[in-house]
Amino acid sequence: MKNKELLLVPGPTPVMDEIYDALASETRGHTDPRFVETFKNALANTKKLFNTDGEVYVVAGSGTLAMEMAIVNTIAKGERLLVISHGYFGDRFTLLAKAFGIEVDVLQSTWGERVDSKLVEEAVKANNYKAVTITHADTSTGVMSDLETLVPIIKASGALVIVDGVVATAALQEDMSKAYGEDDYKIDIVLTGSQKAIGIPPGLAIVAFSQQALAAREQIGTVPAYYADIHNWRAIMDNPAMYFATPPVNLIYAYDVALNIVLEEGMEKREARHIAFGKAIRAALRSYGMTPLANEEVAAPTLSCILYPEGIDDAKFRASLAKSGVIVAGSLAHLAGKAFRIGHMGNTTAEMLEQAIVVIGEALQEQQLQVDIEKAKKVFFQQLEAATVQS
Ligand SMILES: *Cc1c(COP(=O)(O)O)cnc(C)c1O
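Under UniProt numbering, the sequence shown has 216 at position 216, and the numbering climbs by one with no breaks.
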């Protein structure tokens, strides 16, 4: 591995050697037929990833640009948006929509819990929303949304379903042809970034639009954006030999390789692996007396927010991990100093997580907490096996 450290923050995630090699390929002109072939292949594979007959957009930018593209191309100024927020990244949709003069209502959960779907049902029945956003997994809390329940409720009201897949895409299935509920409702938009479960460095915004979402773009006429206006990108996504704004050539090489890795593993297997990783690492950390913020029933398979036991100093803990080459993230807002966040997604391996468990145990021991590292490792592998056998 070229990585000298284990990057277990909730994105960016560990980059595989094959992907680094692709990044280091000779840079070609963006209209060079050889590059155009690669871009075409990556776009075709993006459609496969989401199983969509709509359109996909892959442009230079971060996940936030992908959020903006989803919002600005479907909801006009003065129209209404409902945000289902399970934390910091749900709230980002509210700020974003306000910047464009969109009327926003928010259903916000207590951090670590889910918004009650009954409240969603009441809200969509009582109001005329153009769209509803669902953060598939919220990176601040480690809470996963329940698409099975939410999609039919929202679609029955006529609103579009926009799914933020930034820490979910390529780990959890987001099949845009899948029929939800008895009336065969489908997801309209999935958006993501490159640096989380896809496993390449930051820099790509990726958005998939269903036919219905594309129709919404047509219906609103002009949009208050230029770079984020999908109209300006459509011709390029149909034929990457065309030019609108220079694509990040080397990132596209890397993305193409990363998608091959994802599709080769297969989304069903990949999702099962992530579910197993999530359960197993949380079980191991619980054996240290640590408590995940989210209950197992709502916990995300891709990352966890872990509360410290009494008396553990956050800065010292994370510095100690970093000294051993394991990088985790602090927590946001009112949880800062009280919890840390660990990513277990993308091309992260069981061996990496095992090493993290050891180093976390050592950091706790340094702060005078008695923990059994061998037992935690055993719990991790037992849970991993149990989850794998189940699936
Ligand atoms: C990281 C993240 C974002 C923002 O992505 P950036 O690449 O930082 O702009 C949005 N939503 C979720 C759920 C995320 O995890």
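The beta carbon of each residue, even a glycine, is placed where N, CA and C say it ideally should be.
Residue i beta carbon near ligand 1 (any heavy atom closer than 7 Å)
i	result
Phe340	no
Ala105	The question names Ala, yet the displayed sequence has Asp at residue 105. False, no ligand heavy atom lies under 7 Å from that Cβ.
Met290	no
Lys98	no
Pro10	yes
Val167	yes
Gly193	yes
Thr139	yes
Thr135	yes
Arg92	yes
Met176	no
Phe89	yes
Met69	no
Pro202	yes
Thr74	no
Asp146	no
Thr348	no
Gly63	yes
Lys323	no
residue 397	With the chain covering 1 to 391 only, the question about residue 397 has no answer from this structure.
Asp184	no
Asp256	no
Asp116	no
Asp188	no
Asp313	no
Asp229	no
Asp372	no
Cutoff 7 Å; reference residue i; Cβ partners in own chain excluding five residues on either side
i	result
Lys125	Ser157
Arg28	Arg34, Phe35, Val249
Trp233	Tyr57, Val59, Phe244
Lys48	Leu263
Tyr253	Ala22, Leu23, Ser25, Thr38
Ala66	Leu191, Thr192, Gly193, Ala205, Ile206, Val207
Val72	Phe100, Val223, Pro224, Ala225, Ala228
Asn41	Asp256
Ala216	Thr74, Leu160
Whole-number beta carbon distance between residue j and residue i, since they are thought to touch under 8 Å
i	j	result
residue 402	Val166	Coverage of the chain is limited to positions 1 through 391, which leaves residue 402 absent and any answer about it impossible.
Phe340	Asp314	7 Å
Ala288	Ala376	The amino acid occupying residue 288 in the given sequence is Tyr; Ala does not appear at that position. So it is a contact: roughly 6 Å between Cβ atoms.
residue 399	Thr169	Residue numbering for the chain in the displayed model covers 1 to 391; residue 399 lies beyond these limits and cannot be assessed.
residue 459	Ala363	This structure does not reach residue 459, given that the chain is present from 1 up to 391, and the question cannot be answered.
Thr13	Thr348	6 Å
Val379	Ala284	5 Å
Asp175	Asn51	5 Å
Ala294	Gly181	Contact flag wrong, Cβ pair sits at about 25 Å.
Ala356	Leu8	6 Å
Gly346	Ala171	7 Å
Gln211	Gly54	5 Å
Same chain, Cβ closer than 8 Å to residue i, five either side skipped, listed in chain order
i	result
Gln173	Met267, Glu268, Glu271
Glu121	Ile153
Tyr308	Met290, Asp314, Phe317, Lys338, Ala339, Phe340
Leu43	Val56, Val58, Met237, Pro240
Thr46	Val56, Val58, Ile206, Ala208, Leu259
Glu18	Val257, Ile261
Pro292	Gly142, Arg282, Leu285, Arg286, Ala299, Ser304, Cys305, Ile306, Leu307
Leu369	Tyr288, Gly289, Pro309, Gly311, Ile312
Classification of residue i by the beta-carbon crowding that lies within 10 angstroms, buried from 16 upward
i	result
Thr302	buried
His334	exposed
residue 392	Residue 392 is absent from the structure shown; the chain starts at 1 and stops at 391.
Gly361	buried
Glu37	exposed
Thr246	exposed
Val326	buried
Thr192	buried
Ser177	exposed
Glu68	buried
Tyr129	buried
Asp146	exposed
Gly78	exposed
Lys2	exposed
Gln195	buried
Gln383	buried
Thr135	buried
Beta-carbon proximity list for residue i, same chain, < 6 Å, skipping 5 on both sides
i	result
residue 409	In the structure as shown, the chain starts at 1 and stops at 391, and residue 409 therefore has no counterpart that could be examined.
Leu251	Gly203, Leu204
Ser324	Val359
Gln108	Ser85
Thr31	Ala241
Leu81	Ile75, Ala97, Ile102, Val104, Ala131
Ile312	Gln367
Val106	Val83, Ser85, Thr94
Glu5	Gly325, Ile327
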